[in-house]
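**Q** Okay, so the sequence shown: first residue is 43 according to this note's numbering, each after it adds one.
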Amino acid sequence: MSAMTVTSTNALMEQLYLKYQQKPWTETLKLVHFCMDKPLRCPVSNDPDSPLLLCMEKIQRTLNAKSLFSVMNRLESLSRQKGLNSHVSPSGTTCYITSDMFYIEVQLEKDGNVIDAKLAHLGEAPVICDDLVEYLRMKNYDAVGKILENLSNLYQIQGNSEMKAKGYLALQSLEKDLYSMSLLDRTQDVNRVTEVLHGKVGHLVLRTGGTPMNIEFYISPYQILEAELNPGSQVCGAKIDVTVEGTDMLHKLPLSPLLDSQPGEDGNPAFLPLTDELSMDLSAYFLLKFHQPIPMFSSSIEEIQRLTGIQITGLKLAPLYELIVQSTLKEKCSEDLFTHKSHFFVSLPDCPKHCYFINTGSAKPDLAGALVSKIPFTHPKCVPDVIEILRHQMAYNSLISSCVSEKHRNGDDSELLYFEVAPHKNTSFSVFFLHPMKENLACVIIDVVTSREVQCSLHLNPRDPTLNSSDGFISRAVKRCMSVPVVMRAIFRNAAKVEAHSETQDMQVDTKQNPEPACEQIIDLNSLEESPSMAGHQDLVVTDKQSVPDSPKENLSTAKSETLGDNTEKSNPTVSMETSCRVEESTSTASTEAVMKDM
């Protein structure tokens, strides 16, 4: 039996040798590679060899592919992971990554360096894919894998190759309309920040290769300042990707651009009617996908659904402030350890540390929200309105998140300044704090009307002295920095200047009534002039520590209804009109500049 087995094996090998003796060895190697590297037809986790495959993939991710052979192996492994085919040219220097709808051609040198990378969709000529070339040369295979994944997702539509191609055609039509809208009312000298904050579709970046079209629609003043202080740096704001995704339901999608060359009567973009000649029913819809999910009011979500006509699925309602706190902490620190906290410590230059209590208002159903990661739609006309809603939401979120910090309390907390942030109504909220010169509670109401308009009002007990900050000053400060702690510091600085001015006047009155030696008086006045803002280092410290409650937290929660009820009204100056006007005129400009100075 053993002899017969050996004979049959030898005969089989002889047959194989005769079959392939006319073919070069490189073709045999190519066939073996093709048979071994076919993409798995079942999930890796179900394959008996999956542990070995996962280990091989980890080793390849760890190793720095330098040689031609190692780069080829890395590309082929990456293709398998994304469910794509791959093969090597007979010359051994070109790798093809293919699917039914597109292919990528990567050309390499003998030493493994990347020469070029081209992408071709079905029926289109290959074009150089710059982003893919860049990532390959940087050995950033995670980014390369993301590009392959994005390309595959473009065609995840039910139906044959023709239907998948129609979905890609619909995406191209949408992209052309959005690009045309971005050019409306656009001047040549417009900068990126202006486009981001005021453009009809924000700052739009066209799709390149496997990187989808993206829209940058909001950027905070802090980010703008960071860009100004670091020339050449590219600070990115909130972005959304524009793509297409398969669904179980049919939707009518445009197959050609719909934007009319002539605007409508109201000056807004006009679109051609969505006729059968210009559209097609497909098992897909367009998507605006967030890079990170954003917390949104439930009312804003409903408004977006009304505009698009499509329900946003997979939403889980929760108190909006809790979602904002969780998202902010997740962005600021990698570990999600502090999401249960409701009070946060914020440090600013030249002022005592702030402690902010976030009142989530969980008992109010109208303050519910949800994390939104994608917005489906079918027509380009709704995109500008959706972006305005997103800008409004981001402006609101920015103010609330400015009170959130991952920092811990350390050291002496005797000079901590306590604030409570609580929902008010609609898109407004209140910031409660102890009056810097009295025991009563004061309040600033901030109403985020739109992403570009913020209205603020300061409320004091009628018997308390003014804080020397008009509603207009506070509104300008908020719009300029979009930071609650920075604005509160500015308010307290203004109040400290009023207090210092009042003390100076009292001293002058006392001097007239009880004259003292001239030299001593001159020294006192000089010391005041040299450090006119002693509160610059102790802006928010309550001077009369005897009158401060033992528990500021308890004072914030219990005194609110007593001091801000029917007797609370808009702040009225208690100093003379001439003095108040003179002090505010001299300080409002400087204080507004100071808002951004120390950030």
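C-beta atoms are modelled at their ideal positions from N, C-alpha and C, and glycine is treated no differently.
Have a look at K181 and K281 and give me their C-alpha separation to the nearest angstrom.
**A** In a straight line, the C-alpha of K181 is about 26 Å away from that of K281.
**Q** Mapping DSSP to helix, strand and coil, what is V425?
**A** DSSP places V425 in helix when its eight states are reduced to three.
**Q** Hey, could you find the ends of the beta strand (DSSP E) T289 is sitting in?
**A** Counting along the chain, the beta strand (DSSP E) containing T289 begins and ends at 280-296.
**Q** In the DSSP assignment, what are the bridge partners of N233?
**A** Looking at the DSSP assignment, N233 forms no beta bridge with any residue, so it has no partner.
**Q** Enumerate in chain order the residues of its own chain whose CB-to-CB distance from C375 is below 7 Å, with the five nearest sequence positions on each side excluded.
**A** Cβ neighbours of C375 beyond the five flanking positions: E448.
**Q** Taking only beta-carbon atoms, is G244 less than 9 Å away from chain C?
**A** The chain inventory of the structure shown lacks chain C, comprising one protein chain alone.
**Q** Assuming P299 and S215 make a contact with CB atoms under 8 Å, what is their CB distance in whole Å?
**A** P299 to S215, Cβ: 5 Å. Contact.
**Q** Report yes or no: do three or more beta-carbon pairs, one from the segment 202-212 and one from the segment 137-151, lie closer than 8 Å?
**A** Touching, per the Cβ criterion.
**Q** So, using beta-carbon positions, are M322 and D283 closer together than 9 Å?
**A** No; because the gap between Cβ atoms is not below 9 Å, this pair is not in contact.
**Q** Give the single residue among D173, I199, G279, L246 whose Cα lies nearest to the Cα of D219.
**A** Residue L246 is the option with its Cα nearest to D219.
**Q** For F399, I'd like the list of residues in its chain whose CB is within less than 8 Å of its CB, leaving aside the five on either flank, ordered along the chain.
**A** Here the set comprises S384, H385, Y460, F461, E462, V463, K595, L598.
**Q** Based on the DSSP secondary-structure assignment, which residues constitute the bridge partners of G411?
**A** DSSP output for G411 lists F339, A360 as bridge partner(s).
**Q** Terminal residues of the continuous alpha helix (DSSP H) containing C137?
**A** From DSSP, C137 is part of no alpha helix (DSSP H) but of the beta strand (DSSP E) over 136-140.
**Q** How big is the Cα-Cα spacing for F474 and V243?
**A** Straight-line Cα distance between these residues: approximately 37 Å.
**Q** Only counting the same chain, and skipping five residues up and downstream in sequence, which positions put a Cβ closer than 6 Å to that of Y59?
**A** Hits under 6 Å: none found.
**Q** Is the CB-CB distance between Y221 and R433 below 9 Å?
**A** The answer is no: Cβ separation not under 9 Å.
**Q** When you compare the segment 491-498 with the segment 363-371, are there three or more beta-carbon pairs, one atom per stretch, that lie closer than 8 Å?
**A** No, because fewer than three Cβ pairs between the segment 491-498 and the segment 363-371 fall closer than 8 Å, the two stretches do not touch.
**Q** Thinking C-alpha only, which one of I343, G351, P335, K294 is nearest E319?
**A** With distances taken between Cα atoms, E319 lies closest to K294.
**Q** Could you tell me the alpha carbon to alpha carbon distance between L54 and P66, rounded to whole angstroms?
**A** Spanning the two alpha carbons is a distance of roughly 20 Å.
**Q** If you reduce the DSSP assignment to three classes, tell me which class H333 lands in.
**A** Three-state DSSP puts H333 in a strand.
**Q** For T229, count the other beta carbons within 10 Å of its own beta carbon; 16 or more makes it buried, fewer makes it exposed. Which is it?
**A** So T229 counts as exposed.
**Q** Classify Q435: buried if its beta carbon has 16 or more other beta carbons within 10 angstroms, exposed otherwise.
**A** With 16 or more other Cβ atoms within 10 Å, it is buried.
**Q** On the three-pair Cβ rule with 8 Å, is the segment 354-363 touching the segment 406-423?
**A** Counting Cβ pairs under 8 Å, three or more are found: they touch.
**Q** Within 10 Å of its beta-carbon, does G411 have 16 or more other beta-carbons around it, so buried, or fewer, so exposed?
**A** By the 10 Å Cβ count, G411 comes out buried.
**Q** Taking the C-alpha atoms as reference points, what is the distance between F339 and I354?
**A** Straight-line Cα distance between these residues: approximately 13 Å.
**Q** Is DSSP giving D158 helix, strand or coil here?
**A** Reduced to three states, the DSSP call for D158 is strand.
**Q** Is the CB-CB distance between A212 and V235 below 9 Å?
**A** Cβ atoms of A212 and V235: not closer than 9 Å.
**Q** Buried or exposed: where does K61 fall if 16 or more other Cβ atoms within 10 Å of its Cβ makes it buried?
**A** The residue is exposed, with fewer than 16 neighbouring Cβ atoms inside 10 Å.
**Q** Report the rounded CA-to-CA distance for G134 versus V148, giving the unit in angstroms.
**A** Distance between the alpha carbons of G134 and V148 is about 11 Å.
**Q** What does a CB cutoff of less than 6 Å around G403 pick up in its chain, not counting 5 residues either side in sequence?
**A** Closer than 6 Å at Cβ, skipping near neighbours: L409, P465.
**Q** According to the Cβ coordinates, are Q198 and E287 closer than 9 Å?
**A** Yes; because the gap between Cβ atoms is below 9 Å, this pair is in contact.
**Q** Starting from the C-beta of C424, find all residues in its chain whose C-beta is less than 7 Å away, skip the five residues before and the five after it, and write them out in chain order.
**A** The answer, listed in chain order, is L349, T350.
**Q** Is G241 buried or exposed, if buried means 16 or more other CB atoms sit within 10 Å of its CB?
**A** G241 comes out buried.
**Q** Using beta-carbon positions only, say whether C137 and G251 come within less than 9 Å of one another.
**A** The answer is no: Cβ separation not under 9 Å.
**Q** The beta strand (DSSP E) that contains V486, what's its start and end?
**A** Element bounds for V486: 483-490.
**Q** Just to confirm, are L164 and L174 a CB contact at a threshold of 9 Å?
**A** Going by C-beta atoms, L164 is not nearer than 9 Å to L174.
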